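What follows is a short report on a single structure.
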């Protein structure tokens, strides 16, 4: 099992915008300025956790447990952060970072996910808690 915590405001990955220049058009992440540093931070912490766990990543079916702690607005609409960003887009950034950190060989290896979103508080600052372990349901 590999477990780690990343402090910082989680950034979603998924929405694309079209950029144009020099007669060409290409897609880019809508929030790339925030996404790249967040993904790099998650990757760095994941690499350190991988080394601490023996340096061997997963190339088998894996299960992820992920809890995102989002900043609490001054007047939240709900008791949980049931607003943007979408939790699946938050997860996408984490999964890409896990792949780049070689914690998992490919995000297609993820066969089960439990993910939660809560507001940050005195006990848990904004960030994400991640646990990765082999999915042994069929063994």
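In this note's numbering, the protein residues as written are 3 to 141. Cβ coordinates follow ideal geometry from the N, Cα and C atoms, glycine included. Please read these numbers as outputs of a predicted model, since none were measured by experiment.
Residue burial classification, residue i (beta-carbon count within 10 angstroms, cutoff 16)
i           : result
residue 3   : exposed
residue 111 : buried
residue 53  : exposed
residue 78  : exposed
Distance between residue j and residue i (C-alpha atoms, nearest Å)
i           : j           : result
residue 106 : residue 61  : 6 Å
residue 102 : residue 45  : 7 Å
residue 7   : residue 35  : 22 Å
residue 135 : residue 22  : 42 Å
residue 138 : residue 123 : 34 Å
residue 76  : residue 121 : 12 Å
residue 39  : residue 109 : 20 Å
residue 85  : residue 117 : 15 Å
residue 91  : residue 51  : 23 Å
residue 19  : residue 37  : 14 Å
residue 63  : residue 14  : 24 Å
Cβ shell of residue i (< 7 Å), same chain only, five flanking positions each side left out
i           : result
residue 55  : 4
residue 119 : 70, 72, 82, 83, 89
residue 11  : 73, 128
residue 99  : 41, 44, 45, 48
Neighbourhood of residue i by C-beta distance below 6 Å, restricted to the same chain and skipping five residues each side
i           : result
residue 49  : 103
residue 130 : 8, 12, 70
Selection from the options that minimises the alpha carbon distance to residue i
i           : options     : result
residue 95  : 68, 79, 78  : 68
residue 115 : 125, 97, 59 : 97
residue 66  : 93, 125, 79 : 93
residue 113 : 25, 140, 59 : 140
What residue ranges within the stretch 51-126 form continuous alpha helix (DSSP H) runs of no fewer than 4 residues, ordered along the chain? 89-102
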